[in-house]
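Data block below; observations after.
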Amino acid sequence: MKNFTSVTDVEDPIALIKKAALCKKSPFENDHLGKHKTLGLIFFNPSLRTRLSTQRAAYNLGMNVIVMNIDKDSWKLEFEDGQIMNSDKAEHVKEAVAVMSQYCDLLGVRTFPGLVNRDEDYSEFILNQFIKYSSVPIISLESATLHPLQSLADMLTIDELKIVKPKIVLTWAPHIRALPQAVSNSFVEWCKASQADITVTCPEGFELSPEFMEGVKLEHNQKEAFKGADIIYAKNWSSFNDYGKIGQNLDHWIVDQEKMNLTNQAKFMHCLPVRRNLVVSDEVLDSSIVIEEANNRTYAAQAVLQEFLTSMK
Amino acid sequence: MKNFTSVTDVEDPIALIKKAALCKKSPFENDHLGKHKTLGLIFFNPSLRTRLSTQRAAYNLGMNVIVMNIDKDSWKLEFEDGQIMNSDKAEHVKEAVAVMSQYCDLLGVRTFPGLVNRDEDYSEFILNQFIKYSSVPIISLESATLHPLQSLADMLTIDELKIVKPKIVLTWAPHIRALPQAVSNSFVEWCKASQADITVTCPEGFELSPEFMEGVKLEHNQKEAFKGADIIYAKNWSSFNDYGKIGQNLDHWIVDQEKMNLTNQAKFMHCLPVRRNLVVSDEVLDSSIVIEEANNRTYAAQAVLQEFLTSMK
Amino acid sequence: MKNFTSVTDVEDPIALIKKAALCKKSPFENDHLGKHKTLGLIFFNPSLRTRLSTQRAAYNLGMNVIVMNIDKDSWKLEFEDGQIMNSDKAEHVKEAVAVMSQYCDLLGVRTFPGLVNRDEDYSEFILNQFIKYSSVPIISLESATLHPLQSLADMLTIDELKIVKPKIVLTWAPHIRALPQAVSNSFVEWCKASQADITVTCPEGFELSPEFMEGVKLEHNQKEAFKGADIIYAKNWSSFNDYGKIGQNLDHWIVDQEKMNLTNQAKFMHCLPVRRNLVVSDEVLDSSIVIEEANNRTYAAQAVLQEFLTSMK
Numbered sequence: 013m014k015n016f017t018s019v020t021d022v023e024d025p026i027a028l029i030k031k032a033a034l035c036k037k038s039p040f041e042n043d044h045l046g047k048h049k050t051l052g053l054i055f056f057n058p059s060l061r062t063r064l065s066t067q068r069a070a071y072n073l074g075m076n077v078i079v080m081n082i083d084k085d086s087w088k089l090e091f092e093d094g095q096i097m098n099s100d101k102a103e104h105v106k107e108a109v110a111v112m113s114q115y116c117d118l119l120g121v122r123t124f125p126g127l128v129n130r131d132e133d134y135s136e137f138i139l140n141q142f143i144k145y146s147s148v149p150i151i152s153l154e155s156a157t158l159h160p161l162q163s164l165a166d167m168l169t170i171d172e173l174k175i176v177k178p179k180i181v182l183t184w185a186p187h188i189r190a191l192p193q194a195v196s197n198s199f200v201e202w203c204k205a206s207q208a209d210i211t212v213t214c215p216e217g218f219e220l221s222p223e224f225m226e227g228v229k230l231e232h233n234q235k236e237a238f239k240g241a242d243i244i245y246a247k248n249w250s251s252f253n254d255y256g257k258i259g260q261n262l263d264h265w266i267v268d269q270e271k272m273n274l275t276n277q278a279k280f281m282h283c284l285p286v287r288r289n290l291v292v293s294d295e296v297l298d299s300s301i302v303i304e305e306a307n308n309r310t311y312a313a314q315a316v317l318q319e320f321l322t323s324m325k
Numbered sequence: 013m014k015n016f017t018s019v020t021d022v023e024d025p026i027a028l029i030k031k032a033a034l035c036k037k038s039p040f041e042n043d044h045l046g047k048h049k050t051l052g053l054i055f056f057n058p059s060l061r062t063r064l065s066t067q068r069a070a071y072n073l074g075m076n077v078i079v080m081n082i083d084k085d086s087w088k089l090e091f092e093d094g095q096i097m098n099s100d101k102a103e104h105v106k107e108a109v110a111v112m113s114q115y116c117d118l119l120g121v122r123t124f125p126g127l128v129n130r131d132e133d134y135s136e137f138i139l140n141q142f143i144k145y146s147s148v149p150i151i152s153l154e155s156a157t158l159h160p161l162q163s164l165a166d167m168l169t170i171d172e173l174k175i176v177k178p179k180i181v182l183t184w185a186p187h188i189r190a191l192p193q194a195v196s197n198s199f200v201e202w203c204k205a206s207q208a209d210i211t212v213t214c215p216e217g218f219e220l221s222p223e224f225m226e227g228v229k230l231e232h233n234q235k236e237a238f239k240g241a242d243i244i245y246a247k248n249w250s251s252f253n254d255y256g257k258i259g260q261n262l263d264h265w266i267v268d269q270e271k272m273n274l275t276n277q278a279k280f281m282h283c284l285p286v287r288r289n290l291v292v293s294d295e296v297l298d299s300s301i302v303i304e305e306a307n308n309r310t311y312a313a314q315a316v317l318q319e320f321l322t323s324m325k
Numbered sequence: 013m014k015n016f017t018s019v020t021d022v023e024d025p026i027a028l029i030k031k032a033a034l035c036k037k038s039p040f041e042n043d044h045l046g047k048h049k050t051l052g053l054i055f056f057n058p059s060l061r062t063r064l065s066t067q068r069a070a071y072n073l074g075m076n077v078i079v080m081n082i083d084k085d086s087w088k089l090e091f092e093d094g095q096i097m098n099s100d101k102a103e104h105v106k107e108a109v110a111v112m113s114q115y116c117d118l119l120g121v122r123t124f125p126g127l128v129n130r131d132e133d134y135s136e137f138i139l140n141q142f143i144k145y146s147s148v149p150i151i152s153l154e155s156a157t158l159h160p161l162q163s164l165a166d167m168l169t170i171d172e173l174k175i176v177k178p179k180i181v182l183t184w185a186p187h188i189r190a191l192p193q194a195v196s197n198s199f200v201e202w203c204k205a206s207q208a209d210i211t212v213t214c215p216e217g218f219e220l221s222p223e224f225m226e227g228v229k230l231e232h233n234q235k236e237a238f239k240g241a242d243i244i245y246a247k248n249w250s251s252f253n254d255y256g257k258i259g260q261n262l263d264h265w266i267v268d269q270e271k272m273n274l275t276n277q278a279k280f281m282h283c284l285p286v287r288r289n290l291v292v293s294d295e296v297l298d299s300s301i302v303i304e305e306a307n308n309r310t311y312a313a314q315a316v317l318q319e320f321l322t323s324m325k
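Chains as they are written, first to last, in the numbering used here: chain D, 13 to 325; chain F, 13 to 325; chain A, 13 to 325.
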């Protein structure tokens, strides 16, 4: 594994999920692996779960951690080549990443999409600049279009339910702000790699990018989609087609108990943070598995770190 | 001890003060206790001493530490139940705390009062939400109405003076901003638990809450109060009665050498940060024990952490 | 060594450069030295390289690290004595530093100049307040007028080139903002202490302070200066004479390939961050040694930390 930015970076996704389960069972078994190794966590955007769980994972492996909020701790970076750098951007990503990767053995980076220029976002411009200029492996802490650490934790969470071939439904949910498609893209990608039975339900016009929808069942009728589901995974995302558009007058897409009653006693999942009574009702959230799902973030990150550390030995 | 938020959480306060003294004597004796344990420090408000001393205490015990400034590193939290979360608050405290407490073995939290709604502040609404939703013990890094780590350090500092039954005077002092009553409430609470001889002196209308004033001598004449004192503990606080009000035209409440001359060669204490020549004169501060008092913050925190770590074994 | 703020603090600069080279060769050989020791890094100003490389250096030695951004994590400090502190500054440096130095075994501090009051900047007022009130050694992470960790890394970088008595040229370069003279002053200071052959080239009126120019060759014709150079070290700085003034209409001072062609196949150095195509052309920067120079920051910091740790045993 050269970097961890997508399920396609992973040789054997099923094996990685199993490794995450082992990390959860014996979190400190490999606490020698990280000796003298430093993980750098670079945030262009806010973070709670990723920030904390990845640090915890690194500590479980005996690593040191350096956290840095770009802009707040440092200064703005220039990403375009060939510029005369006379604006507010004090350093080019080329130097910044080359340098940071010398001080760290692994680099994690979080970089959200602008949700304005679809081609730029979907080219993973910033993440790829990091990969290009880093001398060490890059771990995505959520990029413009994918969030693989979340998905790996999601797969572990589903695995733990021990349901044979569960019917998984990814449902669009309402929100007041334009959110990335990253979590949803990534969830679909990992479901497909795990040969899971995955259906996407969303309002018309809110389908994910064709590359992610390919091979996935699509059902615009949310209640129809919920029937017989074993897992409801809710997430808002802004439109891919009408790029970055927020859903209007779609508050009835909330996941509530009435809809959950249509399912096969499905477990409710969400990556968090979640807006209560907008995305999901209190009732549904309070009997969900989102807290354990978040707990699994530590072991997803630990499995990935361990994979890299082992290959360094 | 389930949590550490008040002297009432502590089974034997005197024993805890002794434990802090032992930590100071041999800071690294228990450096194995924190192995594989992570302390999370969550700040809703700025901090210098608490931030640094608690980290140092954790390191002395071999713990890992994760520090997080809510709002700056993450996003705003919703604390009210039953809300439709369509404002600027992206996550409910219920999920945030449940999740953070999975990544950490102990959680410290600093949350100041709003000084607008007295009932809300004195209900310790935010702190109690943390306690309610956390799966691990909560350590107060100063809450709306109490600052027990400061008080424990204060008690250690007083103990080190080896004065038999010292006369302790807590004096109100001037300030330009509305400050919490937390440090003062807490100091009184710990003095009472230690059966100390404690007098509060303040302008009329600046008495602490009745629950804290109960059993404490009150003297509105500052100079009268100072007579024969062995320890002068100065602190500004805004009014409890006229909630959050700042003292006007009360600059003569400054602690200066003339007033100190009325005492029994009293030692001057303050929790810091302190505004020179407003709260206390340069002369008095420069011959005070505030630096050693701040030093004791490390060992107060260490004693509390050690107490929790020991009970986890 | 009592503190590390200038080459003049170092008994044997050449030996320290050699020590940095040894740290690079065997980074973990002294990982026991930092046991139970905590490094505090205090930033009044942003930082990328210094922040990360110094943390890494401390980890290589087995130290713990506490990082604090003053103002963001804490509050503003008062530096003047005798003030009635009724402004926005909540704590005097006297208490803040005395206290911080109790929680840490070594304190690093970054504090930039105001570039308004030359006497104040060149008195190193803030840094000296830290030295005055700290009970532990102070390491400059760049002060108003010097940046010795950068210079030590620069000397190591030059040493690694194994050029006998290289001709070193420090060239002024264009910029859009008023920058400190610190890196340039410090570079000259270390070159002189190493008996290097150092020439400064800059527009008239941009000479460094007389104390640094003394014993250094000065050449206002940039192309003339470049002839036969083995090392071109570029840096912008604002005027010392017309204090803080930015150079106007001086964009032709950029270092480009045409000018580099005048040299003896000189290596290009810069402390970073660098503004491409303003300070230096893409072409020159992309074939430079700035990345390795930045890498050496870790080993410069490690040599200094090791020096202090050894003397504590």
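The beta-carbon is built from N, C-alpha and C at its ideal position, and this holds for glycine as well.
Source: prediction; values computed, not measured.
Buried versus exposed call for residue i [16 or more other C-beta atoms within 10 Å across all chains shown]
{"i": "residue 66 (chain D)", "result": "buried"}
{"i": "residue 273 (chain F)", "result": "exposed"}
{"i": "residue 20 (chain F)", "result": "exposed"}
{"i": "residue 189 (chain F)", "result": "exposed"}
{"i": "residue 112 (chain A)", "result": "buried"}
{"i": "residue 222 (chain D)", "result": "exposed"}
{"i": "residue 259 (chain F)", "result": "buried"}
{"i": "residue 154 (chain F)", "result": "buried"}
{"i": "residue 182 (chain A)", "result": "buried"}
{"i": "residue 94 (chain F)", "result": "exposed"}
Rounded separation between residue i and residue j - CA only
{"i": "residue 282 (chain A)", "j": "residue 196 (chain F)", "result": "53 Å"}
{"i": "residue 51 (chain A)", "j": "residue 257 (chain F)", "result": "41 Å"}
{"i": "residue 32 (chain D)", "j": "residue 321 (chain D)", "result": "14 Å"}
{"i": "residue 57 (chain A)", "j": "residue 125 (chain A)", "result": "10 Å"}
{"i": "residue 84 (chain A)", "j": "residue 132 (chain A)", "result": "24 Å"}
{"i": "residue 314 (chain A)", "j": "residue 114 (chain D)", "result": "15 Å"}
{"i": "residue 238 (chain A)", "j": "residue 255 (chain A)", "result": "27 Å"}
{"i": "residue 266 (chain F)", "j": "residue 292 (chain F)", "result": "5 Å"}
{"i": "residue 179 (chain F)", "j": "residue 210 (chain F)", "result": "6 Å"}
{"i": "residue 102 (chain A)", "j": "residue 48 (chain F)", "result": "37 Å"}
{"i": "residue 160 (chain D)", "j": "residue 247 (chain D)", "result": "15 Å"}
Per DSSP, the bridge partner or partners of residue i
{"i": "residue 313 (chain F)", "result": "Residue 313 (chain F) pairs with nothing; no bridge assigned."}
{"i": "residue 118 (chain D)", "result": "D:51"}
{"i": "residue 184 (chain A)", "result": "A:247"}
{"i": "residue 356 (chain D)", "result": "What the structure shows of chain D is the stretch from 13 to 325, and residue 356 (chain D) is not part of that stretch, so it cannot be assessed."}
{"i": "residue 16 (chain F)", "result": "F:151"}
Any non-hydrogen atom of the ligand MG within 7 Å of residue i CB
{"i": "residue 320 (chain D)", "result": "Questions concerning the ligand MG fall outside what the structure shown contains, since it holds no ligand whatsoever."}
Please list the residues of the segment 293-306 of chain D that have a C-beta atom closer than 9 Å to any C-beta atom in chain F, keeping them in chain order. 294, 297, 298, 302, 303, 304, 306
Closer than 8 Å, Cβ to Cβ, to anything on chain F: give me those residues from the segment 84-98 of chain A, in chain order. 84, 85, 86, 87, 90, 93, 94, 95, 96, 97, 98
Interface positions of the segment 228-249 of chain F facing chain A (Cβ-Cβ less than 9 Å), listed along the chain: none
In chain order, which alpha helix (DSSP H) runs of at least 4 residues are fully inside the segment 227-298 of chain F? 234-238, 269-272, 294-298
Interfacial residues, the segment 154-177 of chain D to chain A, with Cβ spacing under 8 Å: none
In chain order, what are the residue ranges of uninterrupted beta strand (DSSP E) at least 3 long that sit wholly in the segment 65-131 of chain D? 76-81, 118-122
Alpha helix (DSSP H) runs contained entirely in the segment 174-220 of chain F, provided each spans 4 or more residues: 194-205
Along the segment 64-82 of chain F, where does the CB come closer than 8 Å to a CB of chain D? Name the residues. Cβ contacts with chain D: 76, 78, 80.
Which of the residues in the segment 114-139 of chain F, read from start to end, lie with their CB under 9 Å from any CB of chain A? none
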